[in-house]
Structures are given as C-alpha cells and as structure tokens.
Amino acid sequence: TGTDGTSGIELWVIADDVSGVEEVDGVSRPVTLLQNFPNPAGVSTRIAYSLATGQDVRLDLCDVNGRLVQTLVNQWQSAGTHRFDMSASGLADGAYFYRLTTASGVERKKMLLIR
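Everything in the sequence shown is counted per the numbering used here, starting at 726 for the first residue and increasing by one.
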C-alpha cells in the first residue's frame, strides 16, 4: 500500500467490439444515427443521421430477426445532416431495426410500428 492509501493495482478493460465512436473533447463522430421520430411510428416516421465526411451510405430496414425488409437509401451522400421520411405503408405492426452502413461502420436503432 502506498503512502496515499492506494494499492498500486490498475484495472484495464479492453473491449474488442466497437459499436460507434463517441464525441470526445469536441471531436465529432464520423457518423451519428438518431432515433426515428415519432417512435412508436404510425403511418410515417423520420430517420435522421449525420456524416462528418461525404461517403457511400446504405440505410436498411430489418425485421427483429435481422432479415432485410427494405433498403431505404443506397447512394453516396455529402457531409452533413440527412433525413429520410419513411412511409409505413405495407408494413406490419411490430418491432423493426434500421441499420446505417458506411465506411465508418454500422449503427443500428430500434423502431416500433403501431397503428
């Protein structure tokens, strides 16, 4: 035990599964996927995300088992905030996931559809 009451033991936890990049000390994240609004969704909902740099973007809607229901966006997009207004027409009520895939990684959010 040290003179300041510490034992000199350090504990490090290293995770090998990164799901995103947090903003630290004013440094912006490369990609930010926001929660859809409204959620739960009725007849439509808005999905918004921001890109720090221009890049290829794929936004998919998946069911709770991870199966692709629909590709919503599949194109190169410039840096900035983007919005996709999704119609729930033809979709069953229930839980869905939307997945944003870019060169920076993959982000997912859960959405509920209730009419």
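The beta carbon of each residue, even a glycine, is placed where N, CA and C say it ideally should be.
How big is the Cα-Cα spacing for residue i and residue j?
i    : j    : result
D818 : R840 : 7 Å
T827 : T806 : 14 Å
Just to confirm the assignment, what range does the beta strand (DSSP E) spanning residue i have?
i    : result
N799 : 793 to 802
L825 : 819 to 827
V831 : 830 to 838
R771 : 769 to 776
R808 : 805 to 812
R783 : 780 to 788
L842 : No answer is possible for residue 842: it lies beyond the span of the chain, which begins at 726 and ends at 840.
L758 : 756 to 758
Pick from the options: whose alpha carbon is nearest that of residue i?
i    : options                : result
P755 : G767, Y774, P765       : Y774
S769 : L825, N790, S814       : S814
L885 : T778, E832, T796       : Nothing can be reported for residue 885, as the shown portion of the chain is limited to 726 through 840.
V798 : R792, T778, A777, R824 : R824
Answer yes or no: does any C-beta atom of chain B fall closer than 8 Å to that of residue i?
i    : result
Y774 : Annotation note: the requested chain B is absent from the structure, which comprises a single protein chain.
So, at 6 Å on beta carbons, what are the nonlocal neighbours of residue i in its own chain, with the 5 sequence-adjacent residues on each side left out?
i    : result
F762 : R771
S829 : P755, V756
R833 : F822, R824
Under 8 Å between the Cβ atoms of residue i and residue j?
i    : j    : result
Q760 : V782 : no
L784 : F809 : yes
N764 : L816 : no
Apart from the five residues just before and just after residue i, which ones in its own chain have a Cβ nearer than 7 Å to its Cβ?
i    : result
T757 : Y774, S775
D788 : V794, Y821
Apart from the five residues just before and just after residue i, which ones in its own chain have a Cβ nearer than 8 Å to its Cβ?
i    : result
Q780 : W801, Q802, T827, A828, S829
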